[in-house]
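The sequence shown stops at residue 342 when you use UniProt numbering, and every number in between is there. The block underneath contains the structure these notes are about, expressed in structure tokens.
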Amino acid sequence: MVSTGDIIQLLPDHVANQIAAGEVVQRPASLVKELMENAVDAGATEIDLIVKDAGRTLVQVIDNGSGMSVTDLRMAFERHATSKIRTTEDIFHIETKGFRGEALASIAAVAQIDALSKKDDEELGNRLTIDGGTFRDQIPAIAKTGTSISVKNLFYNVPARRNFLKSNQVELRHIQEEFLRIALAHESINFRFFHNDSEVYILKSGNLRQRIVQIFNRKMDAQLVPIAEETEVVKINGFVGKPESAKKQRGEQYFFVNHRFIKSNYLHKAITDAFENLLPNQYVPSYFLFLEIDPSKIDINIHPTKTEIKFEDEYSIYAVLRSAVKHALGQFNIMPSLDFDQ
Ligand code: ADP
Ligand code: MG
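Encoded structure:
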């Protein structure tokens with residue numbers, strides 16, 4: 001056989017970024033999550049989300065956070081470029097939402113970016129444009145302190161992904177869900193969300209109860225049972241809904257670990273177990289629960305979107321959670337109710 005020589009090459013950055021984008025950017029809602037998390041990490045107290053056509057043509061996030069220098073704004077769109085960690089050690093003490101340094105590079109690979117940013121101590125900001133991973137332009141620009149990132153025409157250069165998107169109604173529901181997860185986890189930030197120029201949510205900073213009520217309506221107020229528990233492994237805070245506010249399908253079920261929304265069927269079961277005998281079959285209680293756990297005892301680095309997490313001591317957390325909820329329901333004298341229209 002004739003040898004053809006060496007054939008392995010490193011992929012060019014734009015190809016690697018487009019492949020990575022497959023994991024990070026699934027749909028317009030992924031942009032909402034990544035951009036809003038960056039705004040939170042930048043210390044913003046005001047965050048605006050502006051969406052057009054269910055995110056197909058525009059997802060824009062404007063924040064009044066730290067802003068970026070000229071060089072940082074350019075760097076932000078490079079792969080594995082982050083200001084949030086420096087060493088592998090840091091991965092086990094993460095205090096920020098981001099740390100992988102791949103969101104903006106991935107997003108830029110599959111959309112058109114118009115980014116504007118200014119630091120407080122600088123007179124002028126600067127504006128950067130990127131198309132499908134290709135740098136276009138960076139120029140000085142008048143701007144307020146903070147950052148605005150517009151992501152236009154998602155998947156314009158990846159027709160297969162674009163065609164894979166669902167109806168506007170479905171995409172918008174995903175966007176709204178990402179928005180709410182972040183808004184619930186950061187009740188001291190003012191949020192606004194506009195879709196096609198109409199207001200979807202205007203949320204004023206306040207406490208968690210106020211935030212929940214602002215989002216899910218006034219009736220919710222009387223339904224919230226506070227949960228507070230602290231042990232060596234976990235600190236739990238938040239609310240569960242009284243049994244009569246439970247619904248037949250999943251709705252308002254929110255777990256946050258160290259202020260990051262997570263999905264966990266196992267912890268969900270701790271709650272439904274605590275409601276045992278209080279709810280007819282198939283009814284799911286609502287809950288808004290915040291767990292604080294030593295960051296070195298969890299691993300959030302399982303998946304790029306970080307909604308799954310590994311706990312070192314899962315069973316203890318389950319047990320504390322179940323007993324905290326049981327205890328709170330008992331304190332409120334909540335008894336099995338027979339009034340359900342089954
Ligand atoms: P990560 O959040 O994992 O660090 P990203 O790709 O999301 O990676 O962002 C890269 C870097 O760009 C961040 O580490 C941060 O320094 C900077 N950055 C991104 N968005 C903002 C923002 N809204 N305000 C200030 N800095 C930002
Ligand atoms: Mg990020």
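Backbone N, C-alpha and C fix where the C-beta goes; we use that ideal spot for every residue, glycine too.
Report buried or exposed for ASP341, applying the criterion of at least 16 other Cβ atoms within 10 angstroms of its Cβ.
Mapped onto the sequence shown, residue 341 falls at position 341. Confidence in ASP341 is poor, its pLDDT being 44 and thus under 50, which makes the residue's placement unreliable; the coordinate value appears in the next sentence. ASP341 should be labelled exposed.
With a threshold of 7 angstroms (Cβ to nearest heavy atom), would LYS306 be considered close to the ligand ADP?
Reading the sequence shown from its first residue, position 306 is the one you call residue 306. Checking the Cβ of LYS306 against the ligand ADP gives no.
What did DSSP end up calling ILE300 once you bin it into helix, strand or coil?
Position 300 of the sequence shown, counting from 1, holds the residue named residue 300. Coil.
Express the C-alpha separation of LEU184 and ALA246 in angstroms, rounding to a whole number.
Position 246 of the sequence shown, counted from the start, is the residue given in the question as residue 246. Position 184 of the sequence shown, counted from the start, is the residue given in the question as residue 184. For ALA246 and LEU184, the gap between their C-alpha atoms comes out near 19 angstroms.
ALA76 beta carbon less than 8 angstroms from that of LEU116
Along the sequence shown, one-based indexing puts residue 116 at 116. Along the sequence shown, one-based indexing puts residue 76 at 76. No. Outside cutoff.
I'd like to confirm something about PHE99: is its beta-carbon nearer than 7 angstroms to some heavy atom of the ligand ADP, or not?
Within the sequence shown, numbered from 1, the residue matching residue 99 stands at position 99. Judged by the Cβ position, PHE99 qualifies as a neighbour of the ligand ADP at the 7 angstroms threshold, a heavy atom of the ligand being closer than this.
Run through the DSSP bridge pairs and tell me what LYS310 is partnered with.
Sequence index remark: in the sequence shown, residue 310 carries index 310 (1-based). Its beta-bridge partners are ASP299.
Is ILE212 near PHE256, with beta carbons less than 8 angstroms apart?
Residue numbering aside, residue 212 sits at position 212 when the sequence shown is read from its first letter. Residue numbering aside, residue 256 sits at position 256 when the sequence shown is read from its first letter. No. Outside cutoff.
Along the chain, where does the beta strand (DSSP E) containing THR147 start, and where does it finish?
Position 147 of the sequence shown, counting from 1, holds the residue named residue 147. Unbroken beta strand (DSSP E) run through THR147: 146-152.
Alpha carbon to alpha carbon, how far is ARG100 from ASN277?
Against the sequence shown, residue 100 aligns to sequence position 100. Against the sequence shown, residue 277 aligns to sequence position 277. About 44 angstroms.
Using 8 angstroms for Cβ pairs, my map puts VAL225 next to ALA324. What's the rounded Cβ distance?
Stepping through the sequence shown from its first residue, residue 225 is reached at position 225. Stepping through the sequence shown from its first residue, residue 324 is reached at position 324. A Cβ-Cβ separation of about 11 angstroms leaves VAL225 out of contact with ALA324 under the 8 angstroms criterion.
So, do the region 125-132 and the region 67-81 have three or more beta carbon pairs nearer to each other than 8 angstroms?
Here the region 125-132 makes contact with the region 67-81; the two share three or more CB pairs at distances below 8 angstroms.
Measuring only the C-alpha atoms, how far is THR147 from ASN64?
Indexing the sequence shown from 1 puts residue 147 at position 147. Indexing the sequence shown from 1 puts residue 64 at position 64. Here the C-alpha atom of THR147 lies approximately 7 angstroms from the C-alpha atom of ASN64.
Nearest-angstrom Cα separation, counted from LEU291 out to ASN258
Your numbering for residue 258 matches position 258 in the sequence shown. Your numbering for residue 291 matches position 291 in the sequence shown. In this structure, the straight-line span from the alpha carbon of ASN258 to that of LEU291 is close to 6 angstroms.
Does the distance between the C-beta of GLU34 and the nearest non-hydrogen atom of the ligand ADP fall short of 7 angstroms?
Here residue 34 refers to the residue found at position 34 of the sequence shown. Result yes, Cβ under 7 angstroms from the ligand ADP.
Along the beta strand (DSSP E) that carries VAL59, what are the first and last residues, could you check?
Counted from its first residue, the sequence shown places residue 59 at position 59. 58-63 is the extent of the beta strand (DSSP E) around VAL59.
Every unbroken alpha helix (DSSP H) inside the region 25-51 [4 residues or more]
Fully enclosed alpha helix (DSSP H) runs of 4 or longer: 28-41.
For ARG192 versus ASP48, is the C-beta distance shorter than 8 angstroms?
Locating residue 192 in the sequence shown gives position 192, counting from the first residue. Locating residue 48 in the sequence shown gives position 48, counting from the first residue. A contact, by the Cβ cut-off of 8 angstroms.
Whole-angstrom C-beta distance between GLY67 and LYS84, which should lie under 8 angstroms:
Working through the sequence shown from its first residue, we reach residue 84 at position 84. Working through the sequence shown from its first residue, we reach residue 67 at position 67. The beta-carbon separation of LYS84 and GLY67, rounded to 16 angstroms, does not stay under the 8 angstroms limit for a contact.
Quick test of your reading: GLY132 and ALA109, contact by CB under 8 angstroms. State the CB separation rounded to the nearest angstrom.
Reading the sequence shown from its first residue, position 132 is the one you call residue 132. Reading the sequence shown from its first residue, position 109 is the one you call residue 109. That belief holds up - the Cβ atoms of GLY132 and ALA109 are roughly 7 angstroms apart, short of 8 angstroms.
Report the rounded CA-to-CA distance for GLN223 versus ARG209, giving the unit in angstroms.
Numbered from 1 along the sequence shown, position 223 holds the residue referred to as residue 223. Numbered from 1 along the sequence shown, position 209 holds the residue referred to as residue 209. About 11 angstroms.
Residues of its chain near LYS120, where Cβ-Cβ distance is below 7 angstroms and the 5 sequence neighbours each way are ignored
Here residue 120 corresponds to residue number 120 of the sequence shown, with the count starting at 1. Note on residue identity: the sequence assigns Asp, not Lys, to residue 120. Here ASP120 has GLY67, THR145 as same chain residues with Cβ atoms under 7 angstroms from its own Cβ, once five neighbours each way along the sequence are excluded.
What is the DSSP secondary structure of ASN126, counted as helix, strand or coil?
Against the sequence shown, residue 126 aligns to sequence position 126. It is a strand residue.
Does the distance from the C-beta atom of ARG27 to that of HIS174 stay below 8 angstroms?
Indexing the sequence shown from 1 puts residue 27 at position 27. Indexing the sequence shown from 1 puts residue 174 at position 174. Yes, the Cβ-Cβ distance between ARG27 and HIS174 is below 8 angstroms.
From the DSSP output, read off the bridge partner residues of GLU95.
Indexing the sequence shown from 1 puts residue 95 at position 95. In the DSSP output, where bridge partners are listed per residue, GLU95 has none listed.
Could you check the C-alpha separation between GLU244 and TYR283 for me, to the nearest Å?
Within the sequence shown, numbered from 1, the residue matching residue 244 stands at position 244. Within the sequence shown, numbered from 1, the residue matching residue 283 stands at position 283. C-alpha separation (whole angstroms): 10 angstroms.
Drop a sphere of 10 angstroms on the beta-carbon of TYR266, count the other beta-carbons inside from all chains shown, and report buried for 16 or more, exposed for fewer.
In the sequence shown, the residue the question calls residue 266 occupies position 266. TYR266 is exposed by the Cβ-count criterion.
In the structure shown, what three-state DSSP assignment does ASP221 receive?
By 1-based counting over the sequence shown, the position of residue 221 is 221. It is helical.
GLN18 classed as buried or exposed, judged by whether at least 16 other C-beta atoms fall within 10 angstroms:
Here residue 18 refers to the residue found at position 18 when the sequence shown is read from its first residue. Classification for GLN18: buried.
Count the other CB atoms, across all protein chains shown, that sit within 10 Å of the CB of LEU10; report buried if there are 16 or more and exposed otherwise.
Here residue 10 refers to the residue found at position 10 when the sequence shown is read from its first residue. LEU10 comes out exposed.
For THR57, I'd like the list of residues in its chain whose CB is within less than 7 angstroms of its CB, leaving aside the five on either flank, ordered along the chain.
Start at 1 with the first residue of the sequence shown, and residue 57 comes out as number 57. Same-chain partners within the cutoff: LYS152, ASN153.
So, for PHE275: in the same chain, excluding its five sequence neighbours on each side, which residues have a beta-carbon less than 6 angstroms away from its beta-carbon?
On the sequence shown, residue 275 is found 275 positions in, with the first residue counted as 1. Here the set comprises PRO285.
Is the CB of SER296 under 8 angstroms away from at least one CB in chain B?
No chain B is part of this structure, which consists of one protein chain only.
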